[in-house]
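Novice: Under our numbering, the residues of the sequence shown are numbered 530 to 635, in order.
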Amino acid sequence: MADFLGMMKQAAQLQSKMQEMQAELGNVEVEGISGGGLVAVRMTAKMEVKGIKIDPSLLKPEETEILEDLLVTAHGDARRKAETAMQEKMQAITGKLGLPPGFGFG
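#1: Thinking histidine 604 and valine 557 are a contact (beta carbons under 8 Å), I'd like their distance in whole angstroms, please.
#2: Less than 7 Å separating the Cβ of glutamine 620 from some heavy atom of the ligand SAM?
#3: Apart from the five residues just before and just after threonine 613, which ones in its own chain have a Cβ nearer than 6 Å to its Cβ?
#4: May I have the straight-line CA-CA distance separating methionine 619 from lysine 575, to the nearest angstrom?
#5: Measuring CB to CB, does leucine 599 end up less than 8 Å from serine 563?
#6: Keeping to the same chain, check which residues put their C-beta closer than 6 Å to that of lysine 582; ignore five residues upstream and five downstream.
#7: For a quick check, are the C-beta atoms of methionine 572 and alanine 611 less than 8 Å apart?
#8: Exposed or buried, what is valine 559 when buried is set at 16 or more other beta-carbons lying within 10 Å of its beta-carbon?
#9: In angstroms with no decimal places, state the Cα-to-Cα distance between lysine 546 and threonine 602.
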């Protein structure tokens, strides 16, 4: 019975830490870049886009297709960085609780 109570306590700690992590992920920002810095997408680790920067040299009608491609690439770069930041936070939390890596998250 003590094992069960210990597991329940650990589950409650995990839930509390997950709620803290979710709040923290909203504050962690990453920036995805493409075109050598011509386009940048800034987003949170919760995958919320916070801003986009576009170099004025791309704001020409003949550059539209290039700009569209660069936006997609920058967004993908930011998303990968946000996912990495989220995984690092998860590993930090599960490590503190003595859980194996990937416990319940993969």
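Note that the Cβ used here is the ideal one computed from N, Cα and C, for glycine as well.
Specialist: By the coordinates alone:
#1: No, histidine 604 and valine 557 are not in contact; Cβ-Cβ is about 17 Å, not under 8 Å.
#2: This structure does not include the ligand SAM; it has no bound ligands of any sort.
#3: Spatial neighbours of threonine 613 in its own chain (CB-CB distance under 6 Å, excluding positions within 5 residues in sequence) are not present.
#4: Between methionine 619 and lysine 575, the C-alpha separation is close to 13 Å.
#5: yes
#6: Ala569
#7: yes
#8: buried
#9: 33 Å
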